[in-house]
Amino acid sequence: MSTLVAPVQESPSESSRVHYLNVSYGIKSWLFTTDHKRIALLYLGSITFMFLVGGIAATLMRLHLIEPQGTLFEPGTYNKLFTIHGIVMVFFFLVPSIPATLGNFLVPMMIGARDLAFPKLNLLSWYVYIVGSLFTLYAIIAGGVDTGWTFYTPYSSNYAHSEVIAVALGVFITGFSSILTGLNFIVTIHKMRAPGLTWFRLPLFIWAIYATSIIFILGTPVIAITLFLLGLERLLHIGIFDPAIGGDPLLFQHLFWFYSHPAVYIMILPGMGVISELVTCFARKRIFGYSFVAFSSMAIAVISFLVWGHHMFVTGQSIYAGLIFSVLSFLVAIPSAVKVFNWTATLYKGSISYQAPMLYALGFIGLFTMGGLTGLFLASLATDVHLNGTYFIVAHFHYIMVGGAVMAYLGGIHFWWPKLTGRLYPDGWARFGALVIFVGFNLTFFPQFMLGYLGMPRRYAVYPAEFQVLNVMSSAGASILGIGYLIPLIYLFWSMRYGPPAGPNPWRAKGLEWETPSPPPTENFEEIPVVTEDAYNYARSDGGTRG
Amino acid sequence: MADMAAHGAHPPGFAHQFEEMAQQREAGSLGMWVFLVTEIMFFGGLFATYTVYRSLHPQAFEMGSHLLEARFGATNTAVLISSSLTMALAIHSAQTGKSKSTIIGYLIATLVLGAAFIGIKLYFEWYHDYVEHLIPGIDFVIRPEWGHAGSQVPLFFCFYFFMTGLHALHMVIGIGILSVLAIMTARQRFSSEYYAPLEISGLYWHFVDIVWIFLFPLLYLIGGRYGTGVH
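And the structure:
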């Protein structure tokens, strides 16, 4: 087993080289930058902060649930905690996570461009994100919000006594940062690929980001208008979801899930793109079935818009609509499964090395598979009646969102960290951290499958005493998971200053981003590269990445 | 495309991240089209919701529609279509290298027509609705002659104000863009080689126009205004 990638000796010319990090200094050079790499780092800092906010809310919830009678918080406060956790994690961490950080950094680098098509729009998207976050943070400080992250009417529009308008406005505003990012990616990928870089030579990460961007631009406007209408209704005490004048509160759910189900794929698709990069690099093999993986991303993006009704099987939707949505939900599992099969087939007879990014990738494949398969339980009408609204759902989507999306995000951060910062992190600690996160994650969420199956409803501050053992297990797992997240935070910060220089390509990976120095110069490439080969042109004679 | 020499010469308006001018123009145009797709989804949410409710409450929506003055809506439709013509003429003049006063003239004509649209909307329609107590949430009186469906008439007016209000907001933004374009034209920023901002803003203006062309029949003309609907 390898321990650390052989560091490249830092030559005198290397330490004085001008790159995007040292080209200018001072707060202004960051706040007014239009460099996609710097904007990626601005996003990285902001979403890490929001992750901490959402994580603290989750920690307090798990602490509260150690006891059946939940004496730590008032039930009302508990409601606010799970709402804050959901809203912050979904809209302010998971949705922007991989696209806004790794996507911003890598899209131009991977396609051989000097920047995104609209650099100023890119900076604007970060400011829009910040304004949206500030509204939400204000609402949390001013008293919180207790509607759940789904804002269901008529509770949110008529009855809730909390800061619904401020939070809805925060999410509404942040939506525009997603739209701008998606727009920028689509135009960049269409118009700015290097000579020779045809669509079917693109890294699969780019395909995944492209599919994600399509969901960004098609889905986000709908949630924006819906939350805007909700805010107006709350303000004026009359509006289109108001039953008193013939409005239909259920229509809010339709509009909400029309975005929010595709949003699930906004969170997972970029992660799938990352995994394709990691698996090929650390198995030293070409991806198995390139075009299948690429088109499955597009298929997921399209089908994701047709399945929203599976969130509403028991909320008064017609049984025939339920049947159709059930069938379509099974359909969306196919492209997801195609990806898992292809990654597995790529690993087959590969020259596999278990460095930290690869550990995250393998963790992703297993956990995503579990999350996906349990999703099929919920897509079946009959089992959903039993499982809907229980911890089974909570466990299911955390396997996708945390076991899938966050694992992929961390794997990607570890993989491209040497490119982002020009430094290596301690590989032993990184592998240890990945292991702690994997163990903590499973201990947190596997018991929740059982709790849900046994009938414990979600979103309750108290529960029958018979569920205590499983709840304590879950809370214990959450504390391990929390520590697991702190470990990379510490050594990654440490490595920025003390890590050994990474050299241009520490993993001996393929792809244009690895052909530039680390960190890259502001213009990315001295000369725009010409691409003459397919993606992942790994040969096993390369001998793997072992140092 | 990989030609670094392209970076040496800097034509006006050329941005560093592109390799050549044609690439920049295509990117700008594609960017606007993608943006318009998001706009379609933005209005689409409202259109879909409107359609659902209209089929649920046909009587109330017909009565609501009949309270609007179709002649003002029709006038505004004509005003907006004319403004699209002047916008197209402004772009055409820039493309064929006409004098800058011609371009500015067409831009200002577009701007004036846009302002006229908003003026008619505000003074003859929204103000009138206010006087008639037809603004839900602020001042709405349900009239006895509407019968049992009367309680749902405010729902129609919620849509009417959301949709026309959102449309008017887009018009105001468009007027702002037109003002900037007129100033840029006066400062000789455009030529027959470089007029991408005019072209891209034109796309936006035409889009706002098309939204109105859908809104007008949807809000003003449903239920056969001159037929045998509920009176």
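In order, the protein sequence lines correspond to chains A and B.
Its first residue numbered 1294, the first sequence is counted upward by one per residue in the working numbering.
Its first residue numbered 309, the second sequence is counted upward by one per residue in the working numbering.
Where a beta carbon is used, it is the ideal one built from N, C-alpha and C, also for glycine.
Just so we're clear, the structure is a prediction, and the values are computed from it rather than from any experiment.
| By a C-beta neighbour count over all protein chains shown, 10 Å radius and 16 as the cutoff for buried, is ARG495(B) buried or exposed? | The residue you call residue 495(B) lines up with position 187 of the second sequence. Flag for ARG495(B) reads exposed.
| task | Count the C-beta pairs between the stretch 470-482 of chain B and the stretch 351-361 of chain B that are closer than 8 Å, then say yes if the count reaches three, no if not. | result | Yes: at least three Cβ pairs fall under 8 Å.
| said: Between which residues of its own chain and PHE1551(A) is the CB-CB distance below 6 Å, once the five residues before and five after are set aside? | reply: Counting from 1 along the first sequence, the entry for residue 1551(A) is found at position 258. Excluding residues within five positions, the ones whose Cβ falls inside 6 Å are VAL1515 and TRP1601.
| How big is the Cα-Cα spacing for GLY1777(A) and ALA1626(A)? | If you number the first sequence from 1, residue 1777(A) lands on position 484. If you number the first sequence from 1, residue 1626(A) lands on position 333. If you take the alpha carbons of GLY1777(A) and ALA1626(A), they lie about 30 Å apart.
| Within this structure, are the beta carbons of TYR361(B) and LEU526(B) separated by less than 8 Å? | As a working note, residue 361(B) is residue 53 in the second sequence. As a working note, residue 526(B) is residue 218 in the second sequence. Cβ distance not < 8 Å, so TYR361(B) and LEU526(B) don't count as in contact.
| message | Residues of chain A with CB closer than 7 Å to the CB of GLY445(B), please, in chain order. | response | Taking the second sequence and counting its residues from 1, one reaches residue 445(B) at position 137. Under the 7 Å cutoff, chain A gives LEU1529, HIS1530 and ILE1531.
| Which residues in the same chain have their Cβ closer than 8 Å to the Cβ of LEU376(B), if we skip the five residues on either side of it in sequence? | Locating residue 376(B) in the second sequence gives position 68, where the first residue counts as 1. In the same chain as LEU376(B), and ignoring 5 residues on each side of it, the C-beta atoms closer than 8 Å to its own belong to GLU433, TYR468, LEU527 and TYR528, in chain order.
| query | Secondary structure at ALA310(B), three-state DSSP: helix, strand or coil? | reply | Against the second sequence, residue 310(B) aligns to sequence position 2. For ALA310(B), the predicted structure reports a pLDDT of 40, less than 50, and the residue's modelled location is therefore unreliable. A value from the coordinates is still provided. Of the three classes helix, strand and coil, the one that applies to ALA310(B) here is coil, per DSSP.
| Cutoff 6 Å; reference HIS315(B); Cβ partners in own chain excluding five residues on either side | Indexing the second sequence from 1 puts residue 315(B) at position 7. For HIS315(B), the predicted model reports a pLDDT of 45, less than 50, meaning its position is unreliable and no value from the coordinates is stated.
| Considering GLN1546(A), what are the terminal residues of the alpha helix (DSSP H) in which it resides? | What you label residue 1546(A) is simply residue 253 of the first sequence in a count that begins at 1. In this chain, the alpha helix (DSSP H) harbouring GLN1546(A) covers 1542-1576.
| Between SER1590(A) and HIS1691(A), what straight-line distance do the alpha-carbon atoms span, to the nearest angstrom? | Position 297 of the first sequence holds residue 1590(A). Position 398 of the first sequence holds residue 1691(A). Answer to the nearest angstrom: the Cα atoms are 21 Å apart.
| message | Please report whether the beta-carbon of LEU1417(A) lies at a distance below 8 Å from any beta-carbon of chain B. | response | In the first sequence, counting from the first residue as 1, residue 1417(A) sits at position 124. Interface flag for LEU1417(A) against chain B is unset, since no Cβ pair is found closer than 8 Å.
| What are the uninterrupted segments assigned as alpha helix (DSSP H) that are 4 or more residues long and contained completely in the stretch 1406-1489 of chain A, given in chain order? | If one requires a minimum length of 4 residues, the alpha helix (DSSP H) runs lying completely within the stretch 1406-1489 of chain A are 1412-1434 and 1457-1484, in chain order.
| Looking only at its own chain, which residues have a Cβ that is under 6 Å from the Cβ of LEU1621(A), when we skip the five neighbours before and after it? | Counted from its first residue, the first sequence places residue 1621(A) at position 328. Cβ neighbours of LEU1621(A) beyond the five flanking positions: LEU1599 and VAL1600.
| said: I want to verify the contact list: residues of chain A whose CB lies under 7 Å from the CB of VAL342(B), in sequence order. | reply: On the second sequence, position 34 is the one that residue 342(B) refers to. Those are LEU1476, ILE1479, VAL1480 and ILE1510, listed as they occur along chain A.
| Separation of MET1565(A) from ARG1579(A), as counted between CA atoms | Your numbering for residue 1579(A) matches position 286 in the first sequence. Your numbering for residue 1565(A) matches position 272 in the first sequence. One C-alpha to the other measures close to 16 Å.
| message | I want to know whether the stretch 1694-1713 of chain A touches the stretch 1387-1396 of chain A - three or more CB-CB distances under 8 Å. | response | Inter-segment contact for the stretch 1694-1713 of chain A and the stretch 1387-1396 of chain A is present: three or more beta-carbon pairs are separated by less than 8 Å.
| task | Run down chain B in chain order and give the residues with a C-beta less than 7 Å from the C-beta of THR1519(A). | result | Position 226 of the first sequence holds residue 1519(A). Chain B residues near THR1519(A): GLY353.
| query | Can you list the residues of chain A that GLY339(B) reaches, using a CB-CB cut of under 7 Å? | reply | Counting from 1 along the second sequence, the entry for residue 339(B) is found at position 31. Within chain A, the C-beta atoms nearer than 7 Å to that of GLY339(B) come from ALA1410, PHE1411, LEU1476 and VAL1480, in chain order.
| query | Touch check for the stretch 1310-1318 of chain A and the stretch 1803-1817 of chain A: three-plus C-beta pairs under 8 Å? | reply | Taking 8 Å as the limit for Cβ pairs, the verdict is that the stretch 1803-1817 of chain A does touch the stretch 1310-1318 of chain A.
| query | Looking at the structure shown, is ILE1510(A) part of a helix, part of a strand, or coil, going by DSSP? | reply | Position 217 of the first sequence, counted from the first residue, corresponds to residue 1510(A). Here ILE1510(A) sits in helix by DSSP.
| query | What residues from the stretch 457-491 of chain B come within 9 Å of chain A, judged by C-beta to C-beta, listed N to C? | reply | For chain A, the residues of the stretch 457-491 of chain B that bring a beta carbon within less than 9 Å of one of its beta carbons are ALA457, SER459, GLN460, VAL461, PRO462, LEU463, CYS466, PHE467, PHE470 and LEU474, in chain order.
| said: On the CB-based measure, 16 or more other CB atoms within 10 Å of its CB, does TYR414(B) come out buried or exposed? | reply: Taking the first residue of the second sequence as 1, we reach residue 414(B) at position 106. Taking a 10 Å sphere around the C-beta of TYR414(B), we find 16 or more other C-beta atoms and assign the residue as buried.
| said: If the cut-off is 7 Å on Cβ atoms, which residues from the stretch 1533-1544 of chain A count as contacting chain B, listed in chain order? | reply: Correct list: ILE1533, ILE1538, GLY1539, GLY1540 and LEU1544.
| request: Give, in chain order, every residue of the stretch 1796-1812 of chain A whose Cβ lies closer than 9 Å to some Cβ of chain B. | output: Answer in chain order: no residues at all.
| said: Counting only C-beta atoms, is VAL1400(A) closer than 8 Å to chain B at any point? | reply: Here residue 1400(A) is taken as the residue at index 107 of the first sequence, counted from 1. Not a single C-beta of chain B is nearer than 8 Å to the C-beta of VAL1400(A).
| field | Residue(s) in a DSSP beta bridge with ARG1843(A) | value | Because chain A here runs from 1294 to 1840, residue 1843(A) falls outside it and cannot be looked at.
| said: Pull the bridge partners of PHE1760(A) from the DSSP assignment, please. | reply: For the purposes of this step, residue 1760(A) is taken as the residue at position 467 of the first sequence. Under DSSP, PHE1760(A) forms no beta bridge with any residue.
| query | Secondary structure at ASP447(B), three-state DSSP: helix, strand or coil? | reply | Mapped onto the second sequence, residue 447(B) falls at position 139. Judged by DSSP in its simplified three-state form, ASP447(B) adopts strand.
| task | State the Cα-Cα distance for the pair THR1364(A) and PHE1344(A), rounded to the nearest angstrom. | result | Sequence index remark: in the first sequence, residue 1364(A) carries index 71 (1-based). Sequence index remark: in the first sequence, residue 1344(A) carries index 51 (1-based). Those two C-alpha atoms are separated by around 26 Å.
| message | Assuming HIS374(B) is part of the alpha helix (DSSP H), what are its boundary residues? | response | Residue mapping note: residue 374(B) aligns to position 66 of the second sequence, counting from 1. Where HIS374(B) is concerned, the enclosing alpha helix (DSSP H) stretches over 366-374.
| Do we get a CB-CB distance below 8 Å when we pair LEU1599(A) with the residues of chain B? | Taking the first residue of the first sequence as position 1, residue 1599(A) is located at position 306. No, LEU1599(A) does not count as interfacial toward chain B.
| query | Would you call GLN1648(A) buried or exposed, if buried means 16 or more other Cβ atoms sit within 10 Å of its Cβ? | reply | Along the first sequence, one-based indexing puts residue 1648(A) at 355. Buried, by the Cβ-count rule.
| task | Flag ALA1556(A) as yes if its beta-carbon sits less than 8 Å from any beta-carbon of chain B, otherwise no. | result | Position 263 of the first sequence holds residue 1556(A). No, no contact with chain B.
| message | Using the three-state DSSP reduction, which class does PRO505(B) fall into: helix, strand or coil? | response | The sequence position of residue 505(B) within the second sequence is 197, counting from 1. DSSP places PRO505(B) in helix when its eight states are reduced to three.
| message | LEU1674(A) and GLY1748(A) - do their beta-carbons sit closer together than 8 Å? | response | The residue you call residue 1748(A) lines up with position 455 of the first sequence. The residue you call residue 1674(A) lines up with position 381 of the first sequence. Contact check for GLY1748(A) against LEU1674(A) fails: the beta carbons are separated by 8 Å or more.
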